[in-house]
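Undergrad: Numbering (my numbering), first residue to last: 139 to 312. A virtual CB, placed ideally from N, CA and C, is assigned to each residue, including glycine.
Pasting the structure below:
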């Protein structure tokens, strides 16, 4: 049980390191992308996507599992020990995925807690409170009066042609 906890914690740290490394550059992912895809299908130069960076959960799971399968094969063939048990394998995968999400939360938190964003949010909140205060004063003044607002008339658009009529116009059906 102790070794599993050590593997899990080290896998979390490994996941954080992988995520931070891929957020700064994704050369390895670009290399495999150029190797596997035709020129037209290759990713753009400004695309930040990596193996775990800006990937959905299932793709992260696939890439991390593939990495640990390769590591298990290397450990199995290189060392005379057959100690790569399933529980260590699962702990490493779950820990690495948890580490990538922990790192992504820190990156999102860092982006959302910049001084400009905090000041902007504070100003929006101040404006909202002022609007509420002004709105209450108007409500107090107009309590005795009957408020009559005319419902806004909806602009009627031309009726759209049905799909059948559009196909007839194009000459696709008779």
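Between the alpha carbons of residue 305 and residue 181, how many angstroms are there, rounded?
TA: Locating residue 305 in the chain shown gives position 167, counting from the first residue. Locating residue 181 in the chain shown gives position 43, counting from the first residue. Those two C-alpha atoms are separated by around 37 Å.
Undergrad: What are the boundary residues of the alpha helix (DSSP H) that residue 179 is part of?
TA: Within the chain shown, the letter at position 41 stands for residue 179. Per DSSP, residue 179 belongs to no alpha helix (DSSP H) and is neither H nor E.
Undergrad: Please report the distance separating the alpha-carbon of residue 227 from that of residue 206.
TA: As a working note, residue 227 is residue 89 in the chain shown. As a working note, residue 206 is residue 68 in the chain shown. Each residue's alpha carbon lies about 7 Å from the other.
Undergrad: Which of the three DSSP states, helix, strand or coil, is assigned to residue 225?
TA: Position 87 of the chain shown, counted from the first residue, corresponds to residue 225. DSSP places residue 225 in helix when its eight states are reduced to three.
Undergrad: Using 10 angstroms around the beta-carbon of residue 223, count the other beta-carbons present and answer buried if the total reaches 16, otherwise exposed.
TA: Here the question's residue 223 lines up with position 85 in the chain shown. With fewer than 16 other Cβ atoms within 10 Å, it is exposed.
Undergrad: Report buried or exposed for residue 278, applying the criterion of at least 16 other Cβ atoms within 10 angstroms of its Cβ.
TA: In the chain shown, the residue the question calls residue 278 occupies position 140. The predicted model places residue 278 with a pLDDT of 45, which falls under 50 and marks its position as unreliable; any figure quoted below should be read in that light. The residue is exposed, with fewer than 16 neighbouring Cβ atoms inside 10 Å.
Undergrad: Tell me which residue opens and which closes the alpha helix (DSSP H) that residue 147 is part of.
TA: What you label residue 147 is simply residue 9 of the chain shown in a count that begins at 1. Counting along the chain, the alpha helix (DSSP H) containing residue 147 begins and ends at 140–162.
Undergrad: Go through its chain and collect everything with a Cβ distance to residue 188's Cβ below 6 Å, but skip five positions before and after it.
TA: Here the question's residue 188 lines up with position 50 in the chain shown. Within the same chain, residue 188 has close Cβ partners 160, 164, 167.
Undergrad: For the ligand GDP, I want to know if residue 217 counts as a neighbour, meaning its beta carbon is within less than 6 Å of at least one of the ligand's heavy atoms.
TA: Among the ligands in the structure shown, none appear at all, so the ligand GDP cannot be discussed.
Undergrad: For residue 145, which residues of its own chain have a beta-carbon under 6 Å away from its beta-carbon, when the five flanking residues on both sides are left out?
TA: Walking along the chain shown from the start, residue 145 turns up at place 7. 226, 229, 230, listed in sequence order.
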